Every structure is written in structure tokens, then in C-alpha cells.
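Listed below in C-alpha cells is the structure:
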């Protein structure tokens, strides 16, 4: 602490009440700007205080929505008929099928997933360039789960000050009970997190009963165990360390911000010079900024930083410091927004406004006599996100999305692959014909059985036989394809080299759905050898 | 080295005392988690050394209390694989070779087993794709010297062809019409041209009378009056497009004068009945089975 005060007399974390001013929090950011940080430092435990306000409510809402999506999705049903599972979202690794509502993806259609990843990448550009690190602050699972864990911690042990006191207390029945309850709930959440994950990979209701009767696969239990461990460790113990040290996202996102991106900003052009002795200074005739140095913004920060040191890598832009500061400003009867979402452009304009000719910040230049902000101050609004860069990102993102929607709705659900025998490439038959062998693979990607007519085009007089069928050679073969299955079938094609001519011939296999309209074809070659 | 450890002024950390051109090495302790994992691996290695075979001795090694050996593990896996196949092998043994195709599961098993056995035992002569070669029949086509139905294939594989140590082997020998002086060169050449005409290879042959009589006298007993061969005798069809020793006039003259005869070993005793059945079904489904 810079001021020695009577810190020893107080329990840690207690707000220091000052006559006429707001409570002041005895808190120090983990990465104070004016102190050189060691390269390796033990973790400083952070006790985030509960914030109240607009962004806290927004975060509760987003947490509720994201957690609901995560937990409920595997339980949604979607009727696909009798030959396919009825789970709306299912990653069936065993059969290598991915189901997403009306869409079914086979492994060779993985490019849709690649397309989604491209969209996610451009979506990252879009979101970051327009609203900054909103992903970090609101939607990242690490943020959501840490928020949930802190909520539980507060429920059991109380808010910041009580938690700090509890940490310093010697172990006793009360402390043990609280710790057992807290870690018990954390572990329950962690188990539920891992438990929900595996439902995406198997029929959820069946797996749910199997899990409890001990009949589920070993991989299910080990997945739950691993995710329980990671959730408990990352959400309960490592928390901000993940974001600061382990996650590449802050580095990537930091590189994508520009002067028009929304960032959580301490508006020092109206806050400085800060003072916790406002009345005394006013008596002495000094002009002070709005910041009363109450440290509320530091106390609520889940990353344990001081936003007044400027934009920094650790800041996940959760905006809880905005809530904390606004409520203090409200109590003092000053306009909110001392800490606010602002673009660098707006901030610089306001800073230029506030600086006097000597380059010192003079808050009087941006204030009217009654303390409200002057009209010349620029306020960042939602319009800041409408600009060419974000528009281009959005158009590219939307174009890829629309292309994928079109592609997925227009794709064929029948496919054919043909493998030509290589050894031997061709066989001379006793009647002088030349025969080639092929393995054809019919992909019936519809969850219903189909009857297909196989023909071969581009080879005069070509006849087909199926090994083992014992039929005479014929021009077309009818094949049954089982629902949602691949059928591999050996096919012989024979032709008279006097008709076809010697050498290689391009041919085309074609399958046609007898009772439907889809067909598929595949180019192959027929080797006639050197003729007779 | 002085008694007092040197402390780096900037970081406040002890150095190792070594110095290279004024550069000193900080003696930072290893991270505790790393040290504990290191200790844990030492403890683990002791248990490992006791449980598993590990320490080499002069002529032997410690066997470990767990009784583990990689050879025993391999044998277990082989036994498990054999046990998994035992049921199907037993069914294969008691099913007649002609009835196996009506059982899809057994058929699939037989064909895969046959494919493996083929590569080990047959591919040396008949080729890896069963495409044969000069003097070695192609097993993909629909021409069979000794019959291409399942029973005939089974007999051929089990007892071989012209394989003298098997008393059930099938045997046939074409007379050496030239070497033994049965026909003169002129007659043999005429016969060769006649045979080519039977297969539609020469369009110009007209004077059939005398040579046709010669064919009927010398060849028809085995090859048939129409030249279509006889599987009972192992006599090839002379009218088709398949020629084991070539279809050129010179090649046919050579075969009439001094015939070559292939020998196929009998595999029944060597491979056993089940493998021969598997080979039969594999060869049969290659495309030419009758």
C-alpha cells in the first residue's frame, strides 16, 4: 500500500469509510503499472466483489442462455424416420455421422465443418473489430464457468470481504463446513459439465441411464472424469490465470483491435487528477477529476487489474468495472461513464479537448459549471460499429454462410465411387471379350432404403455381371442400398475389343434412384488391352 | 569459489558461482511441481522394475513379479484370434464346398481366408492378381483346363495336376507328335494353321480336307471333334481366345511337336482340407468360376 494508514487495525478488504466520500476499497491490482513485474510470480489470489448494474444483468442473461444451450441441446429430439437416430444434435463417432437437426453430414462432407471454422474465424474478426473482446467478456466458456463458480463461492462464503476474512481465519468447523459445501457444489457443477458433454456423442436418454447403471462405455466415464477435473481446476482454481497466461485469444484479439473498436476505457480526461480528498481539495481551490480513487473498479475485476492503467492484455472487457464505477458516480451525483465502452478515436478527441496548452489534463475544460459534461465531449454510440471494415467482414461472413446454406440444401444424397482393379487390369475371356473388374461404392446418404439401377455408359456393347450372382451378363443391374449406408459391390464389365478398339477407354458408371429422381455417376476407365 | 554464495544484484537470486566472461548463471530452484513429478517418477520406476522384467543380468534378466512377457502376450492374442475363428473354421470343415456360397457369413470368411492363403502359396506361379502367365493359367478368366466348378477346383487344388506323389492327382499327356515322329513337319504346320482357323485367328485357310482328317485322327480323341476340349482329360479348348503357350503359328507348332505340360502341386496334405476349401472359393469368385 502506498499509504500506510492504519491498515493493521482493519480486517483485510474492508472498505475504508471516509466522511463525505464513498467507501474506499483496500485493493491492489495484480499488475500495477508503476511497479516492475517479475517474470515468474506466484499467483495473487483475487477476490472479485459483486458488481450490480446493466452489464452484470447482461452477463447473467448471457450466462443463462449459453448454459441452457449447452445443457439442453443434447436432449432435443428430431424425427428422422426409423433408420436414423432422433437426437437433434449428435456426433456419432462410431458410425461416423454428424447430425444437426435437418442436416446429416458424412465424413467426406467435412468441408462443411471447415466452412463453419472459416465463418468462426471471420466472425472473430467481425466481433473483435466492432465490439472488441466481447467473446472474452461474455461468451467464452472460461468466463461463463468462472462467473458461475464465483457466484457459488459468494453464495457459500459471502462477498469479497467475507471471503478474505475466511481465508485468513484459522481452520475451524465453520470454515471447514463452508469449504466442503463450496468445493462440493463446484465438483457437482464440474461433473454436470463433463456429463453434458458426452451426451452430444450418444443417444442422451440411453446414455443417461447407462451412466448410472454402470453400463456406459469406459470412454464415457473417462471423458466425464477428465472434464470434471478441467472444469473444477480451470473454473475454481486457475480462473484468470487461464486468460492471462494460457489462452492465445487475448494476443490474437488484441492484434485485431483498431481505433474504432469498443474497449472498456477509463476516461482519464475527466477522471484525472484523481483524489480521495475531494472536499479538502475543493476548499483549497484545486480542480479535480471525477475519479475519487475508491478502487471499486479494481475490487470487482475478476482479472484483478486496474483499468485506470489503460487497456491491457489481461482485460477481458467484462465491463463489471463500468457497473461499479457508475454506481459510485451515481451516489456522488456525477454523470456515469467515467469508465465506459469507448473507441480509441473518441477517447483521443476527448483527451485533446481536456488537455490545456501545457499538455496537462484539466477536467474543467470538459465540464460545465454544474458538473455535467460539456456538449463538446464525444460519446461512443453503437454507430461506431458501422464502418467499412466491419461491413466487409460481415458481408464476407454472410456470403460464406449463405453459400453453405445453399450448398447444403442443394447437395445430392446419393454418391458413387468406383475403384478399377489394378491387378489384373483386364482379363481376356474365352469368347474374345475383355473383362475389367471394379469395386463400386454406393453411398446412400438418405435414412431410407433405395433401389438403384446401375448402368455403364461410353463403351459400346458393354455388359455387366456381379460375381456370385450367377446371372448372365446384362446391360443394367439393380441394386438395393440400405438406409444411410455405404454399399461396396464388385462389378465386372466386359466388352468385345473389336467393338471398343484397343487401349484405354473412358467410361462412366451411373446409378439412378428407381423410385426417386437422384442419380450419381463416376468416371472410370476400361482397359481393353491390345485387342486380340 | 568463495564460501559465501554470490547473489545477483538485479534479480536478488543466488548464482551457481560459475562465471563466463562476466556472465553468471542464476541458481533458480526448479519449480516444485516439476520436482515432485520427478520424485514420483523415481518411485514409479522402482515399482515398475519390481513388477516387470527390467534389469539385465549376465545371461538372463529379472523376470518381475507380475510374470509379464511380450511373447506370452502375443501368444494370448494369437490364441484369442484362433478362438474367435474356431467356430467358423469348424463350420467350414463340416460344410461341403459346393454349399458354402449359400451361407453368406461362411462365404465371406472363406474368401478372406482364401485370399490370404492364395498370396502365401499360389501367387508364386499364378501371380499376385491370379492373372497367370505364360504356361501358368490365368485364374480370373472363364477357361478351365480341368473344370471351373467348385468341385473340380477343389479336386485340382487338393490333389494337384501331374503331381506324381499324390495318387489321386489328375494326369494327362499330349503325345509329342514331332519329336516322336508321329507326324512330319509339313503335317504339323498344317495342323497348327487349322487349329488357328478353329479359333478364328486365320481367315485364309481353305484346304481343310486332309488336315481336318489329320485333326480327327490325332487330336479329336482328347480335344473333341469340334476342338472345344475336354475338362475330364485336361485337354484345352482350341477354339477360344485363351492360349496357355501362345497363339502364334510357331508357338502352336512347338506345342504339337514337343508339348510342355505344367505341374501343379497337391495342396490337400500340406494345407489341410479347410484351407483348400477357402482357396477353392477364393479362386471361384475371382470372376471365372462356373
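Chains as they are written, first to last, in full-length UniProt numbering: chain W, 1 to 532; chain X, 1 to 290.
All residues carry an ideal CB built from backbone N, CA and C; glycine is no exception.
These numbers were taken from a predicted model, which means no experiment stands behind them.
DSSP, reduced to helix, strand and coil, places residue 444/W within a strand of the structure shown. Judged by beta-carbon spacing, residue 461/W lies within the 7 Å limit of residue 499/W, meaning their Cβ atoms are closer than that value. Taking 8 Å as the upper bound for CB-CB distance, residue 362/W and residue 287/W are in contact here, some 7 Å apart. At a C-beta separation below 9 Å, residue 76/W has no neighbours in chain X, since its nearest C-beta there lies roughly 39 Å away. Pairing residue 370/W with residue 200/W, the inter-Cα distance amounts to about 59 Å. Contact between residue 31/X and residue 17/X is ruled out by a C-beta separation of about 22 Å, above the 8 Å threshold. Going by C-alpha positions, residue 89/W is about 12 Å away from residue 198/W.
For residue 101/W, there is no enclosing alpha helix (DSSP H), as DSSP marks it with neither H nor E. No Cβ-Cβ contact shorter than 7 Å links residue 253/W with residue 390/W.
Residues of the UniProt domain "Cytochrome c" (109 to 199) of chain X with a C-beta atom less than 8 Å from some C-beta of chain W are 127, 128, 129, 130, 131, 138, 140, 141, 142, 143, listed in chain order. Residue 426/W is not a Cβ neighbour of residue 418/W, given a cutoff of 7 Å. Between residue 305/W and residue 312/W the beta-carbon gap is near 6 Å, inside 8 Å, which marks them as a contact.
Using a Cβ distance threshold of 7 Å, residue 502/W and residue 524/W do not count as a contacting pair. Using a Cβ distance threshold of 7 Å, residue 252/X and residue 189/X do not count as a contacting pair. When Cβ-Cβ separations below 7 Å define contact, residue 467/W makes contact with chain X. Residues of chain X with a Cβ closer than 9 Å to the Cβ of residue 423/W are, in chain order, 127, 128, 129, 130, 131.
Cα atoms of residue 126/W and residue 243/W: separation of roughly 21 Å, rounded to the nearest angstrom. For residue 178/X, the closest alpha carbon among the candidates 255/X, 270/X, 158/X is that of 255/X. The count of Cβ pairs closer than 8 Å, one atom from the stretch 232 to 241 of chain W and one from the stretch 146 to 160 of chain W, reaches three, so the stretches are in contact. About 6 Å separates the beta carbons of residue 161/X and residue 263/X, which is inside the 8 Å limit, making them a contact pair.
Interface criterion met: the Cβ of residue 429/W is under 7 Å from a Cβ in chain X.
Scanning its chain for C-beta atoms nearer than 7 Å, with the 5 sequence neighbours on each side dropped, one finds around residue 238/X the residues 195, 198, 199, 223, 227, 229, in chain order. In terms of Cβ geometry, residue 377/W and residue 350/W form a close pair [threshold 7 Å].
Residue 484/W is positioned such that its CB atom lies closer than 7 Å to that of residue 447/W. For residue 509/W, no chain X residue has a C-beta closer than 8 Å to its own C-beta; the minimum C-beta separation is roughly 18 Å. Going by beta carbons, residue 508/W and residue 457/W fall inside the 7 Å limit.
The residue among 203/W, 479/W, 302/W with its C-alpha nearest the C-alpha of residue 93/W is 203/W. The closest CA to that of residue 318/W, considering only 142/W, 213/W, 75/W, 116/W, is found on 142/W. Looking at the DSSP output, residue 133/X sits in a beta bridge with 136/X.
For residue 489/W, DSSP records a beta bridge to 440/W.
Against residue 492/W, the close residues of chain X are 287, in the order they occur along the chain (beta-carbon pairs closer than 7 Å). When rounded, the separation of the alpha-carbon atoms in residue 263/W and residue 297/W is 15 Å. Neighbours of residue 437/W in chain X, taken as residues at a C-beta separation under 9 Å, are given in chain order as 140, 286, 287. For residue 470/W, the nearest beta carbon of chain X is not closer than 7 Å to its own beta carbon. Exposure of residue 82/W is indicated by the presence of fewer than 16 other C-beta atoms within 10 angstroms of its C-beta.
Selection 482/W, 470/W, 466/W evaluated against residue 476/W yields 466/W as nearest (Cα-Cα).
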